[in-house]
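Numbering (the numbering used here), first residue to last: 65 to 194.
Written out as structure tokens, the structure is:
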């Protein structure tokens, strides 16, 4: 199930990228902070927050649906395995990676979640993060 959802998301990104004009901006390296959310519920019903994250959001990411981050009111899809992020839905996270403003995506290199005043690293588990 996880592999299928990730494969579908990746295929969609490739199709969207194929139609990108030659003058489109190249992805840039960034570090951003914002609320972690599940893109399925956010994109259809604007659901977010810790209450939603503890229940539906956690189940969505654990099942392989895409994760995202809201930064200054704009949602960005995180192109990584969402399962390791499931426990942090609705919490503030910090992401370092390549941001593509054409597709509203971030390919994370590193993700942290905030516990108290400290940033704790999240172990990403996919084919690019071992």
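By construction, the Cβ of each residue, glycine as well, lies at the ideal position given by its N, Cα and C atoms.
A distance of 8 Å or more separates the beta carbons of residue 154 and residue 97. In the same chain as residue 139, and ignoring 5 residues on each side of it, the C-beta atoms closer than 8 Å to its own belong to 101, 103, 106, 107, 132, 133 and 168, in chain order. Straight-line spacing of the CA atoms in residue 125 and residue 112 works out to 13 Å. Burial check for residue 141: the Cβ neighbour count within 10 Å reaches 16 or more, so the residue is buried. When DSSP reads this structure, residue 184 sits in a beta bridge with 177.
Contact annotation: residue 110 and residue 162 have beta-carbon atoms that are not nearer than 8 Å.
In this structure, residue 159 lies near residue 170, with their beta-carbon atoms less than 8 Å apart.
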